[in-house]
Structures are given as structure tokens and as C-alpha cells.
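Each residue of the sequence shown is one higher than the one before, starting from 167 at the first, in the working numbering.
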Amino acid sequence: MKTLQILALGLAVLMAGGEIARRAGTPTFIPLALDELAVCAALLWAAWRARRDEAPPMIAAWAGYCGLVAGLLAENADYLIHGREKSGAVFYTVTLAVMLAVGLWAVARGVRLARRREGGSRPGGS
């Protein structure tokens, strides 16, 4: 759980800092930065809750992160798939793909940790 906590803290700070630096002072700050900042807040909250070895908030926060990053990846990959011009499209697409892979790993790791703590029981199982 410690690895997920550290990763959640690091990514939340990096994402929030990047989004604030990118959009600060613009009139569209709130509508365009709100989704990233909400996910960052969820990751920070989950990292704080994980101090008590609580996996469900961590899994939920990472799943939300994956949803956000998957949407951003689809939006940026669209430029490459359809051959439209966008500055940095390849860089953003590759970066977002790596970010999604990290998020999916974190969700899977959280689920494994939760199952281990429950004694290996699975929902619907006997």
C-alpha cells in the first residue's frame, strides 16, 4: 500500500502543479482544470486514508484517474489516427498511454492488496 500512497501523492502533486501552471490566469481555468484537480484531490484523499490500510478509497481514486487519462488519451490519439495537425500530439499520446498503464497497474495492485487483506475471498464466491 505504501507504494500506491507514494505514487498517488507524487502524481497528484505533478498533475495539479502542471494544470495550475498551464491554465493559471486564464479565464477558462475553472472549467478546464476542474476535472484534473478533482482527480488530484481524490488521489490525495485516498493516500491519506491509506494510512489505515484502506484499499477501497485508493482503488476508487486510481480508477477515477484512469478514466480521466483514458479520455485525454482518446482525445489526443484522435489527432494521430486521423492525421490532423497538433503540436506535440505524439508526445502527449505516448505520455498519456504511459500514465494510463501506471493507473491500471495501481488499480490492479490495489485490488490484489484488498483481496489479500480479506483473506483471499472474492465477491460472489463461497
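Beta carbons are placed, not taken as given, at the ideal position from N, Cα and C, and that holds for glycine.
*Buried versus exposed call for leucine 173 [16 or more other C-beta atoms within 10 Å across all chains shown]*: It counts as buried.
*Compare the Cα-Cα distances from alanine 263 to each of Asp219, Arg275, Leu180 and Val235 and report the closest residue.*
Val235
*asked:* My assumption, with CB atoms under 8 Å, is that aspartate 219 sits in contact with methionine 167. Please give the rounded CB distance.
replied: Approximately 6 Å separates the beta-carbon atoms of aspartate 219 and methionine 167; this is inside 8 Å, confirming the contact.
*asked:* DSSP three-state label for glutamine 171, please.
replied: Here glutamine 171 sits in helix by DSSP.
*In whole angstroms, what is the alpha-carbon distance linking threonine 261 and threonine 192?*
24 Å
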